[in-house]
Amino acid sequence: MHRLRPYQRGYVVSFSWADPTFHPVSFVLVLGLFAWYHETTSRSASSATRGQKRCFVLGLLALLLATTWPIVDLAHSVSLLVLVFQREILVLAAAPLLLIGLPKMVMARLTRPPIIDAVVTRIITPIRALVATTLLLGLTGLPFAVTWASESHFADAVMILLTLLAGFILWLPVVDRVPGVTPLGPLGKGAYLFAQSLAPTFLSFAWIFALRPLYPSLQHQQHVLGLTPLGDQQLSGYLAKLGTFGVLWIVAFIFFFKAPDEEPEENTKPLHWIDVERSLERAERREKRGYDERTLPG
Numbered sequence: 166m167h168r169l170r171p172y173q174r175g176y177v178v179s180f181s182w183a184d185p186t187f188h189p190v191s192f193v194l195v196l197g198l199f200a201w202y203h204e205t206t207s208r209s210a211s212s213a214t215r216g217q218k219r220c221f222v223l224g225l226l227a228l229l230l231a232t233t234w235p236i237v238d239l240a241h242s243v244s245l246l247v248l249v250f251q252r253e254i255l256v257l258a259a260a261p262l263l264l265i266g267l268p269k270m271v272m273a274r275l276t277r278p279p280i281i282d283a284v285v286t287r288i289i290t291p292i293r294a295l296v297a298t299t300l301l302l303g304l305t306g307l308p309f310a311v312t313w314a315s316e317s318h319f320a321d322a323v324m325i326l327l328t329l330l331a332g333f334i335l336w337l338p339v340v341d342r343v344p345g346v347t348p349l350g351p352l353g354k355g356a357y358l359f360a361q362s363l364a365p366t367f368l369s370f371a372w373i374f375a376l377r378p379l380y381p382s383l384q385h386q387q388h389v390l391g392l393t394p395l396g397d398q399q400l401s402g403y404l405a406k407l408g409t410f411g412v413l414w415i416v417a418f419i420f421f422f423k424a425p426d427e428e429p430e431e432n433t434k435p436l437h438w439i440d441v442e443r444s445l446e447r448a449e450r451r452e453k454r455g456y457d458e459r460t461l462p463g
């Protein structure tokens with residue numbers, strides 16, 4: 166539907182503003198997530214506040230916007246500018262809103278399997294989260310990855326999921342939802358977000374200063390959007406910088422302004438049972454691993 170069709174020596178673009186494409190998988194996924202969330206948060210032990218419900222619904226709407234016509238079609242095979250916009254919706258809107266919308270008890274159940282808990286507790290540290298986010302966003306933005314994503318719907322879906330995963334990793338150290346983990350203070354969160362605004366956007370320099378288009382799989386920008394391929398690429402670099410800086414710096418400065426009031430009270434925050442329980446589970450697993458290592462022959 167939105168792939169390019171070979172025609173003689175060139176290509177005929179199949180995207181048309183007058184012919185919207187319906188993406189049923191996206192709607193089914195979003196409706197399924199909404200049904201799961203409604204059923205999960207209807208229990209008293211994991212009920213969500215009105216604000217959390219609002220954030221989760223907004224996150225689902227952002228996810229739907231990024232994975233339906235026209236954004237997903239244009240990002241698939243036409244425009245790097247729209248691809249960057251899609252990535253920013255996923256990373257800077259959908260991911261944080263979905264995390265904020267999850268009650269801590271729900272996150273506790275999602276991360277209870279030992280392997281998931283081990284991965285999350287390791288990736289939630291700021292330096293590891295920064296490295297993982299930079300690698301994911303960098304690799305998925307390289308020309309070979311964009312070309313691979315334009316070749317099939319499956320590859321495109323994988324790239325979208327990896328981008329959303331990068332968004333979750335980026336915001337995990339900021340949104341305090343993982344039980345049994347000491348949260349960062351406001352100053353730490355602000356500094357972390359400032360660093361995240363710089364490292365993952367390194368590709369934007371190449372997009373801005375390149376003298377030729379770097380993405381051969383993205384074509385017909387002039388026909389669809391009125392932009393030359395090089396102009397589309399350069400605008401993508403500016404959007405990547407301004408969009409990321411605009412969101413992350415605003416949130417970072419909010420934390421910086423909150424720091425003088427909240428840092429003295431950091432040690433007085435109440436301790437929740439779910440945090441104690443998860444810490445005990447981790448200690449038990451460490452003790453068991455130590456016992457197993459001591460009992461190994463030789």
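The sequence shown begins at 166 in the numbering used here and counts up one residue at a time.
Backbone N, C-alpha and C fix where the C-beta goes; we use that ideal spot for every residue, glycine too.
Within its chain, find whatever has a CB closer than 6 Å to the CB of Asp471; leave out the 5 residues flanking it on each side and keep chain order.
The structure shown does not extend to residue 471, since the chain is modelled only from 166 to 463, so the question has no answer here.
Go ahead and pull the three-state DSSP assignment for Phe422.
Three-state DSSP puts Phe422 in a helix.
Sorted by chain position, which residues of the same chain lie with C-beta nearer than 7 Å to Phe333's C-beta, five sequence neighbours on each side aside?
Closer than 7 Å at Cβ, skipping near neighbours: Ala260, Leu264.
Whose C-alpha, out of Gln217, Arg215, Ser401, Thr206, is nearest the C-alpha of Gln386?
Considering only alpha carbons, the answer is Ser401.
Could you round the C-beta distance between Val343 and Thr305 to whole angstroms and report it? I think they count as a contact, below 8 Å.
Not a contact, Cβ separation roughly 24 Å.
Under three-state DSSP, which class holds Leu267?
If DSSP states are grouped into helix, strand and coil, Leu267 belongs with coil.
Can Ser362 and Phe410 be called in contact, C-beta distance under 8 Å?
The answer is yes: Cβ separation under 8 Å.
Just the Cα atoms here: how many angstroms apart are Trp438 and Arg454?
Taking the straight line joining both Cα atoms gives about 24 Å.
Whose CA, out of Gln384, Leu267, Pro189, lies closest to the CA of Leu229?
Closest option to Leu229, Cα to Cα, is Pro189.
What is the C-beta distance between Leu262 and Leu198, in whole angstroms, given that I count them as a contact (C-beta under 8 Å)?
Contact flag wrong, Cβ pair sits at about 12 Å.
Specify, as a first and last residue, the run of the alpha helix (DSSP H) that Ser362 falls within.
First-last of the alpha helix (DSSP H) with Ser362: 351-363.
Do three or more CB pairs link the region 441-454 to the region 269-282 at distances below 8 Å?
Touching, yes, given that three or more Cβ pairs across the two stretches are closer than 8 Å.
What is the DSSP secondary structure of Gln384, reduced to helix, strand or coil?
Three-state DSSP puts Gln384 in coil, outside helix and strand.
What residue range is occupied by the uninterrupted alpha helix (DSSP H) comprising Asp238?
Per DSSP, Asp238 belongs to the alpha helix (DSSP H) from 236-242.
Taking only the alpha-carbon atoms, compute the straight-line gap between Met270 and Ser211 and give it to the nearest angstrom.
Answer to the nearest angstrom: the Cα atoms are 5 Å apart.
From the DSSP output, in three-state form, read off Pro185 for me.
Correct three-state label for Pro185: coil.
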